[in-house]
């Protein structure tokens with residue numbers, strides 16, 4: 001228990017826990033001090049000075065994010081002088097920022113814009129030199145626009161502290177400082193895993209996903225194309241937030257209806273392919289287990305993780321499941337099985353996916369994933385892009401009558417739904433692998449030990465008298481820690497699930513921006529999104545992938561059996577070591593580097 | 001002249017020694033200094049090697065390398081020509097000397113001539129105010145200059161380079 005101390009905020013006395021910062025104490029007391037470079041998941045930088053407060057006896061204003069409370073401290077958060085100083089700070093930031101809010105993608109979702117409004121800035125008093133840099137449009141997934149950057153450093157800290165990819169740095173100094181990859185490499189040639197977390201934490205539009213909405217609107221109006229769409233589990237759990245709904249509301253039915261209204265001929269569900277992934281990956285695991293294959297087997301659903309492993313862990317490539325991600329499985333089947341079923345030339349099919357992820361844009365462009373010389377998925381849009389399209393097309397998303405996805409690639413079990421939350425793939429795999437191996441039904445199918453937001457989770461189960469040890473990590477930083485354990489002790493686990501983003505896909509780099517009074521990647525919001533998926537699982541009669549009748553039909557009509565040659569052709573892939581080589585420092589330090 | 005292999009060997013040995021320390025990553029700046037001493041600038045391939053050997057992400061190395069003006073990120077010429085722009089030299093016409101050099105060498109401050117012979121730099125006081133205006137070529141100071149004398153000096157270096165000999169004139 002922390003010691004209680006007395007502080008005064010704006011002339012009123014409060015008892016608070018010692019050992020916290022002024023900002024943290026003020027937050028618990030209902031004083032929201034304005035802030036910019038601060039994020040609870042990141043180290044304290046104290047760079048922006050927006051969160052300054054007045055402390056009696058101190059010569060200067062102090063940054064409340066970095067200053068600890070002490071007994072008897074008298075703090076003022078809203079004096080006239082403070083308001084003026086804060087306003088000047090924001091005005092100075094604005095001075096070196098483009099004056100183009102009304103044509104900016106973050107218009108209405110920009111933290112800088114909100115701050116300027118809350119400071120009451122109604123005119124620009126400082127006119128000085130403005131920076132100008134080229135936009136980096138090289139990547140299929142994440143684009144970089146230094147002109148919009150205000151150097152808060154959240155992206156750099158996200159990339160190196162939470163994701164530990166260390167792709168970004170603040171290069172040069174003073175007025176010439178720019179956030180960039182090493183050697184000013186284009187994002188496409190850098191170690192960027194395209195996870196998109198820099199976009200999530202950027203307060204402005206310095207990082208954005210590559211936008212495909214205009215191209216998609218154009219193709220949706222092409223009468224010669226059969227338009228097919230799939231959407232990821234986590235999209236339904238988060239898209240409501242872009243329409244002002246509270247986190248955690250499952251909008252599956254509304255999304256299906258809205259996608260039909262946008263002009264899609266067939267609306268499928270990536271959860272179907274999630275079930276299929278379990279069939280293939282579960283079987284692959286059992287095969288490795290029985291035939292002394294390479295263990296632990298590591299999951300391969302997360303596209304940022306895929307690029308990460310090829311650059312950072314080339315020694316573990318044989319441990320990675322050869323299964324494509326659910327999106328790519330679904331894409332491959334759309335252009336083969338489904339095309340044949342409706343008697344259409346697959347070249348006439350427009351295969352689109354709505355993903356909680358930016359890295360899926362990169363994944364869809366990987367040449368290894370081509371099927372019969374075609375891309376399985378032609379266009380990937382994020383949850384954000386889909387929400388914008390729905391708004392732009394004038395669809396009343398919140399009040400629309402829910403609809404069901406189409407057959408044969410739209411029906412899913414509860415196991416497919418939980419893919420979107422960290423630990424979900426493992427839990428779904430356990431449900432099916434247990435039964436495939438023992439022939440008995442697993443009664444207690446909810447695996448609590450691998451649910452929740454703990455960075456690394458471990459679990460054990462017994463299959464036919466044999467102890468199977470599993471581990472789950474989410475966020476590439478946690479994954480690094482887990483994989484270091486795997487490198488040191490390869491026999492420690494049998495099966496490992498890795499998701500590239502914090503919280504799994506629910507915290508993906510393509511999810512809606514934080515709305516007013518919320519912060520990006522807030523743990524409570526992530527839990528609620530995951531909760532929506534676990535509720536969806538519980539609401540289904542079929543909760544095991546292998547019991548999905550459309551999956552059974554698919555194997556009977558097309559794939560024959562898991563791991564069959566047909567399955568291998570359409571549903572499996574391979575990996576290779578990639579440059580530039582990624583480097584994770586052995587110990588974390590902030591010693592000036 | 002040291003060969004490429006020799007340079008790498010020297011650098012590797014320097015890094016190996018640095019890595020024996022408890023806070024090895026704090027030797028990064030020393031390693032970068034060594035690199036510049038050996039190569040005259042920081043080649044990207046060498047920074048990649050430092051990243052791998054010292055287990056420091058390349059982006060961090062890039063951040064440090066770009067922060068300090070001392071580090072050259074591009075190859076530099078055989079000779080560094082620093083024009084003193086301190087107060088005394090300036091009063092005595094350093095700007096004219098700088099302009100004469102820009103014209104003669106065809107480069108701006110911070111740039112290297114196409115023949116890779118000269119890199120032009122501006123410098124603060126070189127501590128030789130008594131013989132202002134001065135320039136420094138590599139580690140040699142030349143004082144009491146004017147535009148013509150400066151161009152003559154450059155031509156001497158050019159001649160020496162062509163004959164593979166050293167400039168002896170004062």
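Protein chains in written order, with the working numbering: chain A, 1 to 593; chain B, 1 to 170.
For every residue, glycine included, the Cβ atom is placed at its ideal position computed from N, Cα and C.
Just the chain A side, please: which residues come within less than 8 Å of residue i by C-beta, in chain order?
{"i": "residue 50(B)", "result": "Under the 8 Å cutoff, chain A gives no residues; its nearest Cβ is about 10 Å from residue 50(B)."}
From residue i to residue j, what distance separates their C-alpha atoms?
{"i": "residue 589(A)", "j": "residue 49(B)", "result": "With a pLDDT of only 44 at residue 589(A), under the threshold of 50, the placement of this residue in the model should not be trusted; the figure read from the coordinates follows. Those two C-alpha atoms are separated by around 20 Å."}
{"i": "residue 309(A)", "j": "residue 200(A)", "result": "22 Å"}
{"i": "residue 265(A)", "j": "residue 253(A)", "result": "16 Å"}
{"i": "residue 453(A)", "j": "residue 281(A)", "result": "24 Å"}
{"i": "residue 6(A)", "j": "residue 55(B)", "result": "46 Å"}
{"i": "residue 187(A)", "j": "residue 26(A)", "result": "39 Å"}
{"i": "residue 126(B)", "j": "residue 91(A)", "result": "41 Å"}
{"i": "residue 172(A)", "j": "residue 183(A)", "result": "11 Å"}
{"i": "residue 334(A)", "j": "residue 376(A)", "result": "7 Å"}
{"i": "residue 338(A)", "j": "residue 150(A)", "result": "48 Å"}
{"i": "residue 128(A)", "j": "residue 379(A)", "result": "42 Å"}
{"i": "residue 14(A)", "j": "residue 42(A)", "result": "27 Å"}
{"i": "residue 110(B)", "j": "residue 29(A)", "result": "55 Å"}
{"i": "residue 60(A)", "j": "residue 54(A)", "result": "8 Å"}
{"i": "residue 206(A)", "j": "residue 98(A)", "result": "11 Å"}
{"i": "residue 197(A)", "j": "residue 473(A)", "result": "16 Å"}
{"i": "residue 502(A)", "j": "residue 193(A)", "result": "14 Å"}
{"i": "residue 53(B)", "j": "residue 15(B)", "result": "7 Å"}
{"i": "residue 85(B)", "j": "residue 124(B)", "result": "5 Å"}
{"i": "residue 509(A)", "j": "residue 559(A)", "result": "33 Å"}
{"i": "residue 405(A)", "j": "residue 411(A)", "result": "7 Å"}
{"i": "residue 368(A)", "j": "residue 391(A)", "result": "35 Å"}
{"i": "residue 146(A)", "j": "residue 209(A)", "result": "14 Å"}
{"i": "residue 77(B)", "j": "residue 118(B)", "result": "4 Å"}
Let me see if you follow: with CB-CB separation under 7 Å, is residue i close to chain B or not?
{"i": "residue 583(A)", "result": "yes"}
{"i": "residue 173(A)", "result": "yes"}
Please list, in chain order, the chain B residues whose beta carbon lies closer than 9 Å to that of residue i.
{"i": "residue 577(A)", "result": "In chain order: nothing, as chain B lies at least about 14 Å away."}
{"i": "residue 527(A)", "result": "By Cβ distance, chain B contributes nothing, its closest Cβ being about 31 Å from residue 527(A), past 9 Å."}
In chain B, which residues lie less than 7 Å from residue i when you measure between Cβ atoms?
{"i": "residue 181(A)", "result": "59"}
Does the CB of residue i have a neighbour CB from chain A at under 7 Å?
{"i": "residue 67(B)", "result": "yes"}
{"i": "residue 110(B)", "result": "no"}
{"i": "residue 16(B)", "result": "no"}
Could you name the residues of chain B that residue i contacts, counting a contact when the two beta carbons are closer than 8 Å?
{"i": "residue 348(A)", "result": "Result: empty, since nearest Cβ-Cβ is about 44 Å, beyond 8 Å."}
{"i": "residue 586(A)", "result": "55"}
Check the Cβ of residue i against every Cβ in chain A and list those closer than 7 Å, keeping chain order.
{"i": "residue 63(B)", "result": "169, 170 and 171"}
Closest Cβ-Cβ distance between residue i and chain D: below 7 Å?
{"i": "residue 260(A)", "result": "Chain labels in this structure do not include chain D; the protein chains are A and B."}
Any contact between the stretch 65-82 of chain A and the stretch 3-20 of chain A? By contact I mean 3 or more CB pairs, one from each, below 8 Å.
yes
Between the stretch 224-241 of chain A and the stretch 341-360 of chain A, do at least 3 Cβ pairs fall closer than 8 Å?
yes
Residues of the stretch 31-48 of chain B whose Cβ lies closer than 7 Å to any Cβ of chain A, in chain order:
44
Would you check if the stretch 538-552 of chain A and the stretch 319-338 of chain A touch, i.e. whether three or more CB-CB distances between them fall below 8 Å?
no
Under 8 Å: do the stretch 299-307 of chain A and the stretch 490-502 of chain A share three or more Cβ pairs, one atom per stretch?
yes
Pairing CB atoms from the stretch 452-467 of chain A with CB atoms from the stretch 478-487 of chain A, are three or more of them under 8 Å?
yes
Is it the case that the stretch 113-126 of chain A contacts the stretch 82-96 of chain A, given that we only count it when at least three CB pairs across the two stretches are under 8 Å?
The answer is yes - the stretch 113-126 of chain A touches the stretch 82-96 of chain A, with three or more Cβ pairs under 8 Å.
I want to know whether the stretch 550-558 of chain A touches the stretch 155-175 of chain A - three or more CB-CB distances under 8 Å.
no
Any 3 or more C-beta pairs closer than 8 Å across the stretch 570-578 of chain A and the stretch 434-448 of chain A:
Contact between the stretch 570-578 of chain A and the stretch 434-448 of chain A is absent, because fewer than three Cβ pairs lie under 8 Å.
Tell me, please, whether the stretch 54-72 of chain B touches the stretch 28-39 of chain B by the rule of three or more beta-carbon pairs shorter than 8 Å.
yes
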